[in-house]
Ligand SMILES: NC(=O)c1ccc[n+]([C@@H]2O[C@H](COP(=O)([O-])OP(=O)(O)OC[C@H]3O[C@@H](n4cnc5c(N)ncnc54)[C@H](O)[C@@H]3O)[C@@H](O)[C@H]2O)c1
Ligand SMILES: NC(=O)c1ccc[n+]([C@@H]2O[C@H](COP(=O)([O-])OP(=O)(O)OC[C@H]3O[C@@H](n4cnc5c(N)ncnc54)[C@H](O)[C@@H]3O)[C@@H](O)[C@H]2O)c1
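Chains as they are written, first to last, in UniProt numbering: chain Z, 1 to 325; chain R, 1 to 325.
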């Protein structure tokens, strides 16, 4: 089993690599080679007996993708991308990486002709307001950001390239991955994690939107579970509609804060400071709220069932199971 | 009023030009300039006092689009494209013209910075089976052809570029335009017109699919009405969802043939010969059937209400109001 990961230095990429290193196998076959690509140098995991290669470069640069395929990976995880806030602020960069980079990778796979399984991380940002109360699987994508547009266009390519047999693609629309570990990034969704992560580390956090904002979340653990399941699922069972809305926990920001109080106490939750930000609010208010995610659940994709669970996953995975203070 | 038309030598383009020549105005303003572009030399209409320029070239060639914008058209009709059958047979050509050509035009408009109204002819081929009985406006596009994928991706760009203020776009998803005049083209939908047009001209026509096939049609006249309305409609009323499914007449092939018998007699309808074609059937069976088209009707887009009317429009516009024989 040979695996290629783009965006390997990113948050989800690093979690996925750690999981593959632990499992040592994918689709019931021992992992023999791991190719890791990112524009930032990716870190090599300790995987004795596995041929790990590190590639550093711009996926959207001419010719960058073909060389990644020389070893004919059985499974490709395409995670590289520019996050929503940055893709909105920098029009050219977003289209170049998220659309042209993705298309370059897809075309390199097409021209290489060996039709691997290709898992692509799309986003619920393909949807845009106004929404019904529960967004059904067959609701139309009308993104309200360039990031969402780029993901939507990539999904369309993935479906067509799969239909034509160029590869065997599965697009997974991730909900917001929360609690995101590490430093804040430029995603407009950053505060959803910040208001949990910073207080748990004894630090103040800014809440830029109203507490009534309803949003869907899944933990980094669940994101990795989705990816592994997407790599292993039988394509024939999925059928021609290859872009799947992942399950998650739909809660308001107020409910997130209540969960934090339950799990870590009200002194921790008091570290959240409300400071409205119109730019973030303008983006977030067009975002989807609650999904049915019927197809993905039926296909065996599973996430947490409460936000308390999401907070506990963070405490276990990132804080050595210890609360500060 | 300065108008630019791409695909000006095509069927819809020529009908639109004839209509603009007759009206002499658009959006309540006298047409002063008409720029016509196509890869096939477009014909200049007789429009005294109007500055008509003809451009022949490949829209997808580097730099081709910028020169078309030198005169800063107030309204752009983007009709150029490769039809469904050809885009399916020729992967590279379809993506190059329908996606890259469209993106090149959109980017040239973006960089020129004068934000004109831009009307784009999308297609109901953005939808793919399985379908509910009536396809609602908020049904997800899951095209089953590369042509449909290219139209879907262009729609996504149009919405994002409009949201960003680069232009003021309206995407109109045309149903099958029927009766298509002239010679058969390479569209997989060609037979829908052929079974009416050829018998009316005293010639045999091939029916490659079962009579039970249900499909939505509008006349070339209606297509032009849609385009004019899309050029004139108030963008604020349309709102952010800029891609609209046009109304049409939903009939089975059997009902088309019954209408032909009613309008032209059973001797004419007898000229249709059934000869199943698996390739065409494979494409057509994934096509959409009946649309709600609620938004477009509410926004004032109107089509015929019976297939008899569609046949009569053809007899009036193409056969000098005379039946053969
Ligand atoms: N984290 C979330 O909440 C979330 C939600 C929905 C979708 N996603 C998608 O999941 C994927 C992974 O998300 P993440 O949270 O790990 O993001 P991340 O920003 O942590 O990782 C993305 C990686 O892509 C790399 N990258 C950027 N430009 C590149 C280029 N030109 N060439 C090569 N690599 C480049 C970055 O260096 C980064 O390491 C992304 O595609 C993201 O859009 C994430
Ligand atoms: N006719 C229909 O039933 C129907 C249905 C849905 C959508 N549409 C869309 O409406 C538009 C017009 O349709 P039509 O029936 O007039 O099609 P058509 O084929 O008659 O016209 C398309 C024109 O585009 C031109 N063209 C092709 N490649 C080009 C290139 N590289 N550069 C410049 N021009 C190029 C062709 O020469 C042709 O004149 C197309 O975009 C089509 O996809 C048509």
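Glycine is no exception: its CB is placed at the ideal position from the N, C-alpha and C atoms.
Self-check item: Rounded separation between residue 300/R and residue 79/R - CA only
Solution: By 1-based counting over the second chain, the position of residue 300/R is 300. By 1-based counting over the second chain, the position of residue 79/R is 79. Inter-residue distance for residue 300/R and residue 79/R is about 21 Å (C-alpha atoms, whole angstroms).
Quiz item: In angstroms, rounded to a whole number, what distance separates the CA positions of residue 174/Z and residue 317/Z?
Solution: One-based indexing of the first chain puts residue 174/Z at position 174. One-based indexing of the first chain puts residue 317/Z at position 317. Using only the alpha carbons, I get a separation of about 20 Å.
Practice problem: Pull up the CB-CB distance for residue 243/R and residue 122/R, whole angstroms please, since I reckon it's below 8 Å. | Solution: Here residue 243/R refers to the residue found at position 243 of the second chain. Here residue 122/R refers to the residue found at position 122 of the second chain. Yes, residue 243/R and residue 122/R are in contact; Cβ-Cβ is about 6 Å, under 8 Å.
Quiz item: Which residues, in order along the stretch 75-96 of chain R, keep a beta-carbon less than 8 Å from a beta-carbon of chain Z?
Solution: Residues passing the 8 Å Cβ filter: 91.
Quiz item: Taking just the CA atoms, how far does residue 207/R sit from residue 126/Z?
Solution: Residue numbering aside, residue 126/Z sits at position 126 when the first chain is read from its first letter. Residue numbering aside, residue 207/R sits at position 207 when the second chain is read from its first letter. A direct Cα-to-Cα measurement between residue 126/Z and residue 207/R gives close to 40 Å.
Quiz item: Using a Cβ-Cβ distance under 9 Å, would residue 47/R count as near chain Z?
Solution: As a working note, residue 47/R is residue 47 in the second chain. The beta-carbon of residue 47/R is placed no less than 9 Å from the nearest beta-carbon of chain Z.
Exercise. Please report how far the alpha carbon of residue 137/R lies from the alpha carbon of residue 128/Z, in whole angstroms.
Key: Along the second chain, one-based indexing puts residue 137/R at 137. Along the first chain, one-based indexing puts residue 128/Z at 128. Those two C-alpha atoms are separated by around 15 Å.
Quiz item: Measuring CA to CA, which of 308/Z, 298/Z, 303/Z is closest to residue 258/Z?
Solution: The residue labelled residue 258/Z in the question sits at position 258 within the first chain. Per the Cα distances, 308/Z.
Exercise. Mind checking the stretch 156-179 of chain R against chain Z and listing, in chain order, the residues whose C-beta falls within less than 8 Å of any C-beta there?
Key: Within the stretch 156-179 of chain R, the residues whose Cβ lies closer than 8 Å to some Cβ of chain Z are 156, 157, 159, 160, 163, 164, listed in chain order.
Quiz item: residue 74/R: buried (16+ other C-beta within 10 angstroms of its C-beta) or exposed?
Solution: By one-based count along the second chain, residue 74/R stands at place 74. Its Cβ being crowded by 16 or more others within 10 Å, residue 74/R is buried.
Exercise. Decide if residue 237/R is buried, meaning its Cβ has at least 16 other Cβ atoms within 10 Å, or exposed.
Key: Along the second chain, one-based indexing puts residue 237/R at 237. Classification of residue 237/R: exposed, given that the 10 Å Cβ count is below 16.
Quiz prompt | Proximity test, residue 140/Z beta-carbon vs ligand 2 heavy atom, cut-off 8 Å | solution = The sequence position of residue 140/Z within the first chain is 140, counting from 1. No; taking the cut-off as 8 Å, the Cβ of residue 140/Z has no heavy atom of ligand 2 nearer than that.
Quiz prompt | Proximal chain Z residues relative to residue 241/R, where beta-carbon distance stays under 7 Å | solution = Counted from its first residue, the second chain places residue 241/R at position 241. By Cβ distance, chain Z contributes 142.
Exercise. Measure the C-alpha to C-alpha separation of residue 279/Z and residue 209/Z and round it to an integer number of angstroms.
Key: As a first step, residue 279/Z must be located in the first chain, where it is residue number 279. As a first step, residue 209/Z must be located in the first chain, where it is residue number 209. Each residue's alpha carbon lies about 10 Å from the other.
Quiz item: Taking Cβ-Cβ distances below 8 Å as the criterion, which residues of the stretch 211-238 of chain R are in contact with chain Z?
Solution: Along the stretch 211-238 of chain R, there is no position whose C-beta sits under 8 Å from a C-beta of chain Z.
Practice problem: With a cut-off of 8 Å on the beta carbons, I'd call residue 38/Z and residue 10/Z a contact; round off their distance for me. | Solution: Translated into positions along the first chain, residue 38/Z becomes position 38. Translated into positions along the first chain, residue 10/Z becomes position 10. Sure, about 7 Å apart at Cβ, within 8 Å.
Practice problem: Using alpha carbons as the reference points, say which of 46/R, 60/R, 264/R, 36/R lies closest to residue 54/R. | Solution: If you number the second chain from 1, residue 54/R lands on position 54. Nearest Cα to residue 54/R within the set 46/R, 60/R, 264/R, 36/R: 36/R.
Exercise. Note down, in chain order, every chain R residue with its Cβ under 7 Å from the Cβ of residue 138/Z.
Key: Numbered from its first residue, the first chain carries residue 138/Z at position 138. By Cβ distance, chain R contributes 139, 140.
Quiz prompt | Three-state class that DSSP yields for residue 168/R in the structure shown | solution = Position 168 of the second chain, counted from the first residue, corresponds to residue 168/R. The three-state secondary structure of residue 168/R, taken from DSSP, is strand.
Quiz item: Which residues of chain Z have a Cβ atom closer than 7 Å to the Cβ of residue 246/R, listed in chain order?
Solution: Your numbering for residue 246/R matches position 246 in the second chain. Correct list: empty, because the minimum Cβ distance to chain Z is about 16 Å.
Self-check item: Beta-carbon proximity of residue 218/R to residue 248/R, cut-off 9 Å
Solution: Your numbering for residue 218/R matches position 218 in the second chain. Your numbering for residue 248/R matches position 248 in the second chain. Cβ atoms of residue 218/R and residue 248/R: closer than 9 Å.
Quiz item: Beta carbon of residue 58/Z: closer than 8 Å to some heavy atom of ligand 1?
Solution: Here the question's residue 58/Z lines up with position 58 in the first chain. Yes; taking the cut-off as 8 Å, the Cβ of residue 58/Z has a heavy atom of ligand 1 nearer than that.
Quiz item: Just how far apart, CA to CA, sit residue 193/R and residue 156/Z?
Solution: To locate residue 193/R, count along the second chain from 1; it is residue 193. To locate residue 156/Z, count along the first chain from 1; it is residue 156. Taken atom to atom, the span from the alpha-carbon of residue 193/R to that of residue 156/Z is near 29 Å.
Quiz item: Which whole runs of the beta strand (DSSP E) in the stretch 223-286 of chain Z are 3 residues long or more, in chain order?
Solution: If we require 3 residues or more, the beta strand (DSSP E) runs fully inside the stretch 223-286 of chain Z come out as 243-245, 249-252, 272-274.
Quiz prompt | Check: residue 147/R C-beta below 8 Å from any heavy atom of ligand 2 | solution = Taking the second chain and counting its residues from 1, one reaches residue 147/R at position 147. Yes; taking the cut-off as 8 Å, the Cβ of residue 147/R has a heavy atom of ligand 2 nearer than that.
Practice problem: Measure from the C-beta of residue 149/R to each C-beta in chain Z and report whether the shortest distance is under 9 Å. | Solution: For this step, residue 149/R is matched to residue 149 along the second chain. Judged by the 9 Å Cβ criterion, residue 149/R is in contact with chain Z.
Quiz item: Taking Cβ to Cβ, would you say residue 260/R is nearer than 9 Å to residue 202/R?
Solution: Numbered from its first residue, the second chain carries residue 260/R at position 260. Numbered from its first residue, the second chain carries residue 202/R at position 202. No, the pair does not count as a contact, with Cβ atoms beyond the cut-off.
Quiz item: Can you find a heavy atom of ligand 2 that lies under 8 Å from the Cβ of residue 344/R?
Solution: Nothing about residue 344/R can be read from this structure; chain R reaches only from 1 to 325.
Quiz item: Taking Cβ positions only, does residue 182/R come closer than 9 Å to chain Z?
Solution: Here residue 182/R is taken as the residue at index 182 of the second chain, counted from 1. It does not: the Cβ of residue 182/R has no partner Cβ on chain Z nearer than 9 Å.
Practice problem: Answer yes or no: does any C-beta atom of chain R fall closer than 9 Å to that of residue 128/Z? | Solution: Within the first chain, residue 128/Z is the residue found at index 128, counting from 1. Yes, contact with chain R.
Self-check item: As assigned by DSSP and simplified to three states, the class of residue 16/Z
Solution: Against the first chain, residue 16/Z aligns to sequence position 16. Residue 16/Z: helix per DSSP, three-state reduction.
Quiz item: When we look at the beta-carbon of residue 114/Z and count the other beta-carbons within 10 Å, is it buried (16 or more) or exposed?
Solution: Locating residue 114/Z in the first chain gives position 114, where the first residue counts as 1. Per the 10 Å Cβ criterion, exposed.
Quiz prompt | Start and end residues, alpha helix (DSSP H) containing residue 296/Z | solution = In the first chain, counting from the first residue as 1, residue 296/Z sits at position 296. Here the alpha helix (DSSP H) through residue 296/Z covers 294-298.
Quiz item: Nearest-angstrom Cα distance between residue 227/R and residue 315/Z?
Solution: As a first step, residue 227/R must be located in the second chain, where it is residue number 227. As a first step, residue 315/Z must be located in the first chain, where it is residue number 315. If you take the alpha carbons of residue 227/R and residue 315/Z, they lie about 58 Å apart.
Exercise. Check the Cβ-Cβ distances between residue 122/R and every residue of chain Z, and say whether any is below 9 Å.
Key: The sequence position of residue 122/R within the second chain is 122, counting from 1. Residue contact with chain Z for residue 122/R: absent (no Cβ-Cβ distance below 9 Å to any residue of chain Z).
Quiz item: By Cβ distance below 8 Å, which residues in the same chain neighbour residue 108/Z in space, the five residues on each side in sequence not counted?
Solution: The sequence position of residue 108/Z within the first chain is 108, counting from 1. If we look at residue 108/Z and ignore the five residues flanking it on each side, its Cβ neighbours are 65, 66, 68, 69.
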